[in-house]
Structures are given as structure tokens and as C-alpha cells.
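To keep things clear, I will list the structure first and then write my remarks on it.
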């Protein structure tokens with residue numbers, strides 16, 4: 001018998017996705033579509049505030065669940081178990097960074113954005129600096145989103161292919177069309193409530209796999225023992241070297257900066273926090289988000305231990321039972337749940353729920369950025385609510401179609417997941433640096449912020465892409481935990497196993513070997529240092545600098561009592577539209593329409 005057919009027959013035997021599973025999967029898509037119909041046609045979104053922010057009257061628990069659902073994509077659900085299977089549990093210590101982020105965000109960043117009552121957080125950049133900086137931040141966001149969304153669609157399609165054999169180009173258009181429909185029709189309300197349904201499916205799917213898989217291998221003691229014996233259960237790595245892939249230092253320090261960027265200044269997340277009526281409720285949403293995301297990470301990481309416990313003596317990557325690393329979890333699912341009709345469908349529905357929630361949130365956020373940051377600052381014509389709704393829906397449909405088209409490109413690029421992480425690292429650090437200069441460094445001016453942001457972007461582009469190319473050439477290889485095929489009970493085409501210990505060629509520039517966990521911090525630090533230096537030089541040359549209004553700074557930096565803001569209800573009731581309102585020079589400049597600010601500066 002040809003050995004390759006032996007593996008092929010194993011794969012065919014595991015593809016037990018029956019009609020019950022398809023019904024469960026289709027039901028998930030149908031429920032999402034019904035939610036879109038409800039919020040789009042029965043509870044019609046009539047104004048821009050309704051469509052983008054749910055009328056700023058959302059509830060804490062649904063918003064927190066939506067935040068977890070949209071942050072966790074299929075990449076996380078499939079990639080985190082693979083991380084543990086290949087490299088061990090060191091990555092689990094990043095959960096400490098999640099709660100450090102909670103403290104920093106609720107006390108420094110969130111109060112500023114929420115009190116300003118903005119729609120897009122890039123509006124803050126025009127208030128604090130000018131339109132140039134606002135456009136810079138918006139372009140970085142759009143670039144990252146366009147690169148990331150095709151991956152969000154492609155990865156769960158791989159999982160679907162593993163369990164069904166259905167071609168990814170058949171399933172991805174169907175899923176994308178459903179997502180585009182309910183997002184464009186129902187706005188943020190539809191996004192949040194579908195997220196609530198989808199996060200329930202995610203938790204259910206991961207819990208199901210964890211419980212059934214543990215029972216099948218002989219209990220938790222067996223799972224723990226096999227992983228402990230292989231060295232996958234790891235104590236904190238206290239190595240101070242920045243070249244180590246994962247240490248307690250880069251996971252807590254670099255991880256905190258990564259999470260702050262991803263949650264505190266990212267439009268896809270901030271937009272949900274701004275939909276809550278009070279700052280207190282928004283802070284509670286952050287806290288609940290941290291608990292929810294940590295719980296889901298625990299499920300994902302445990303599933304990684306479970307995969308190794310199941311295949312500890314027969315690595316499915318070496319035997320090609322799993323064609324890609326991100327198919328390890330789907331392989332486990334079909335192995336332990338395949339004989340139970342409907343359960344594989346629950347898992348696949350959970351994976352696609354993660355993709356749908358991330359995709360819908362990103363599409364809704366991009367419509368806000370296009371309207372608030374690409375149209376309003378540069379076009380004098382004011383749109384009616386009807387025209388604004390058509391523009392935002394057009395953005396959702398256009399970006400969704402573009403993302404679907406780029407899936408064909410993603411399929412051809414074998415290292416696309418790592419490349420996407422690299423592209424995100426290029427843009428995330430500079431973006432966080434610009435916002436942090438605005439909130440914590442009142443002496444930085446608009447030119448300093450812009451030059452700093454561009455410098456950070458250029459530096460990280462060279463660094464990240466150079467490291468990516470070195471990795472692709474094989475010059476940088478990260479050692480993984482031991483894998484073996486000594487216990488396989490089926491035949492396969494033997495391949496040379498990658499050694500668990502590798503030597504890094506000496507000619508590789510050490511800076512390229514720095515852990516990717518430091519990239520966001522490096523981009524942020526470069527941006528802030530250059531921005532501060534440029535601003536200091538400008539002051540030394542006598543360039544005038546108008547101090548920012550206190551409300552544009554972190555609460556810890558505000559001095560004295562600030563005059564009321566023109567949009568505050570108390571201010572309006574006391575002064576109406578009077579021009580004699582008690583605004584100081586800094587506040588009046590910061591709060592003038594954008595075009596006036598540019599003329600004054």
C-alpha cells in the first residue's frame with residue numbers, strides 16, 4: 001500500500017462533518033442574519049450616532065461580551081493552542097499584562113476619550129494636534145485593518161476545510177456576505193448583539209473540546225503529566241536577554257504595551273467603550289473584558305496541552321495528518337468529537353463566530369473612520385443622516401468585498417500569519433506613541449508628533465521587515481519543544497524532523513533576533529523620543545506653543561478647575577450659544593472647528 005494514501009485515508013475518516021453539523025453551522029449564520037434584520041429594519045438606525053455608537057446608550061455586559069468576541073479572532077483560537085504545543089506554556093504569563101493594561105487604560109486613556117464624546121478616537125488627534133496627525137493615525141489604522149481582515153477570514157476557512165474537505169473559496173464568500181449584510185444593515189447594535197451570541201458559541205465550543213478531550217486521554221493528571229515530562233509546563237523565564245523569544249520581562253512589559261495599544265487606542269475597541277453612557281460604565285466594561293479574555297485564553301492554552309497529550313508520541317505535523325499548524329485544534333476536534341453528530345458543527349460555528357465578530361466590528365469601525373476622519377475634515381459639504389448612512393454602509397460593503405478578494409492572495413503566501421503580525425507591529429507602536437504624547441506630554445506640538453510618528457513607522461518598518469525576511473530565509477529559527485513519531489500506528493511518508501535545538505548563524509544582526517514582544521514598545525519609544533526632541537528644538541528656536549486644554553490630557557496632569565466645554569449640557573444650559581462663554585485661550589483653540597484651528601496655528 002502506498003504510504004501517502006494511508007495518511008490520506010486517515011484524513012478522510014476524520015472528516016465526519018454530517019448533515020447535523022451543517023445544520024448547526026447554518027443556524028449560527030442564520031441567527032446573525034436575523035439580528036441584522038431586526039436592528040436594520042425593525043429597530044431602524046436613523047442617525048449617525050445610532051449606527052456607529054448605538055445612541056451612546058448601550059449596556060455594560062453586552063458591550064464587554066462584544067469586546068471579548070471581537071478581540072478574539074480565529075487566529076487566536078487556533079494559534080494559541082499551537083503556541084503551547086510547539087513552544088510550551090511560557091506565553092501564558094502574558095495574562096498578567098492584560099490586568100496591568102486594565103489599570104493603565106481605565107486611569108489614563110479612557111477618561112480622556114470618553115469625556116470628549118467623540119465618535120472616532122482619531123478626532124482626538126486633531127483636537128490635540130492638527131489634521132495632519134489625525135490623517136496619519138487614520139491611515140495607519142486603515143492599512144493595518146486591510147492587511148489583517150483577510151487573515152481573519154482565511155484562518156477559520158482552513159479549520160472548516162480540515163473537518164469537512166470543503167474548499168475555502170466556497171465557504172468564505174457565504175460567511176462574508178452574511179457578515180456584510182448584518183453589519184451594514186444593523187450598525188453597532190447588530191454587531192454587539194451578534195457578538196453576544198457568538199462569544200457564547202466560542203466559550204461553548206472550547207469548553208466542549210476541553211472536557212471531552214481530557215476524558216478521552218485519561219483525565220487531567222495524564223494531560224498534566226505528559227506535558228510536564230516533555231518540558232511544556234514552564235516556570236517563568238527570568239532571562240534578561242531581549243533576544244529570548246518569551247520571558248517574564250517581555251511578556252509583562254512588552255505585553256502590557258501591546259495590550260494598551262490593542263485596547264486603549266484602537267478604534268475597533270474604543271468605539272464600543274464610547275457607546276456606553278458614562279465613564280464609570282466604560283471602566284467596568286474594561287474590567288469585565290479582562291476577565292472574559294483571560295478565561296478564553298485559559299481554554300485556548302489548555303487545549304494546546306490537550307493536543308500534545310493526545311499526540312505525544314505521533315506528531316501530526318510530521319506525518320502530515322495536519323497540513324498546517326493552525327489545523328491542529330480542528331484535527332483534535334474531529335478526533336474526539338467526530339463520532340457525536342452536531343458537536344463538530346458547534347466547534348466550527350465557534351471558530352467562525354470569532355471570525356464574524358472580528359470582521360463585523362472592524363467593518364463598523366472603518367465606516368466610522370472614513371466618515372469622521374477621511375470625509376468630514378476635508379469636505380465642507382455637510383451630509384444628511386441619510387447620506388451618512390449610505391456612505392457608512394458603502395464602506396462596509398466595499399471593505400468586505402476587498403477583504404474577500406485578498407483571501408486569494410493570502411492563500412498564496414505561506415508565511416502570511418507571521419507577516420501580518422509583523423505589519424501590525426510596524427504600525428501599532430508609532431500609533432500608541434502619538435496618542436501617548438498627546439495625553440501625557442503637553443509640551444509636544446503637532447510637528448513633533450507627526451515627525452515622531454513617521455520616524456517610528458520608518459524605524460519599525462526596517463526592523464520588522466528585516467527580521468521577517470531573515471526568518472523566511474531560515475537565518476532565524478526558534479527552538480521548539482521535542483516532537484516524535486515513534487508511537488504512530490499508521491504509515492506516513494517519513495520526513496526529517498526539525499531538531500528541538502537550533503543554532504543561530506553568527507552573521508545575523510543581533511537586533512533582528514530581538515523578541516517580537518518588544519516591537520510595539522520599541523515603536524512607541526522611538527516615536528515619543530523623536531517627537532519630544534523635535535518639539536524641544538522648535539521651542540528653542542522660538543516657535544510659539546499653545547498649551548493644550550486640560551481635558552485633552554490625562555486626569556493626573558490636569559491642574560485646577562477647567563472651564564466648561566462647549567458641548568457640555570451644563571455649559572449649554574448656562575450660556576446657550578453665547579460667544580461670551582468663559583473659555584481660556586488654550587481651550588478655545590483646541591475646541592474650535594478644525595479649519596479654524598489650522599488657520600490660527
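Numbering (UniProt numbering), first residue to last: 1 to 601. Glycine is no exception: its CB is placed at the ideal position from the N, C-alpha and C atoms. Nothing here was measured: the structure is a model prediction, and the numbers come from that model.
Backbone secondary structure at residue i - three-state DSSP
i	result
residue 500	Note that residue 500 scores 47 on pLDDT, short of 50, meaning its location in the model is unreliable; the coordinates nonetheless yield the value given after this. Reduced to three states, the DSSP call for residue 500 is coil.
residue 313	coil
residue 18	coil
residue 290	helix
residue 396	helix
residue 459	helix
residue 89	coil
residue 134	helix
residue 279	helix
residue 272	helix
residue 546	coil
residue 556	helix
residue 58	coil
residue 390	helix
residue 75	helix
residue 441	coil
residue 364	helix
residue 248	helix
residue 321	coil
residue 340	coil
residue 379	coil
residue 475	coil
residue 83	helix
residue 121	coil
residue 114	helix
residue 484	coil
residue 491	coil
residue 266	coil
residue 372	helix
residue 143	helix
Integer Cβ distance of residue i from residue j, believed to fall under 8 Å
i	j	result
residue 336	residue 213	5 Å
residue 523	residue 425	7 Å
residue 348	residue 141	Actually they do not touch by this definition, with Cβ atoms about 30 Å apart.
residue 535	residue 443	6 Å
residue 363	residue 400	6 Å
residue 368	residue 120	5 Å
residue 230	residue 340	Not confirmed; about 29 Å, so no contact.
residue 33	residue 215	That belief does not hold up - the Cβ atoms of residue 33 and residue 215 are roughly 35 Å apart, past 8 Å.
residue 437	residue 520	At roughly 15 Å, the Cβ-Cβ gap does not stay under 8 Å, so residue 437 and residue 520 are not in contact.
residue 552	residue 112	7 Å
residue 538	residue 448	7 Å
Residues near residue i in its chain [Cβ-Cβ closer than 6 Å; skip 5 each side]
i	result
residue 292	68
residue 168	157, 161
residue 453	136, 430, 434, 527
residue 314	485, 487, 488
residue 250	515, 517, 518
residue 79	none
residue 325	82
residue 252	96, 97
residue 350	201, 202, 205
residue 467	512
residue 353	198, 201, 202
Residues near residue i in its chain [Cβ-Cβ closer than 8 Å; skip 5 each side]
i	result
residue 285	60, 63, 64, 67, 272, 273, 276
residue 234	88, 89, 90
residue 208	337, 343, 346, 347
residue 529	452
residue 317	325, 328, 483
Contacting residues, own chain, Cβ-Cβ under 7 Å from residue i (five flanking each side not counted)
i	result
residue 636	Outside the displayed span of the chain (1 to 601) sits residue 636, for which this structure offers no information.
residue 57	277
residue 19	none
residue 681	For residue 681 there is no data in the structure shown, the boundaries of the chain being 1 and 601.
residue 410	150, 151, 154, 416
residue 383	391
residue 239	247
residue 455	526, 527, 530
request  = Counting only runs of 4+ residues fully inside the segment 155 to 238, write out the alpha helix (DSSP H) ranges in chain order.
outcome  = 168 to 217, 220 to 229
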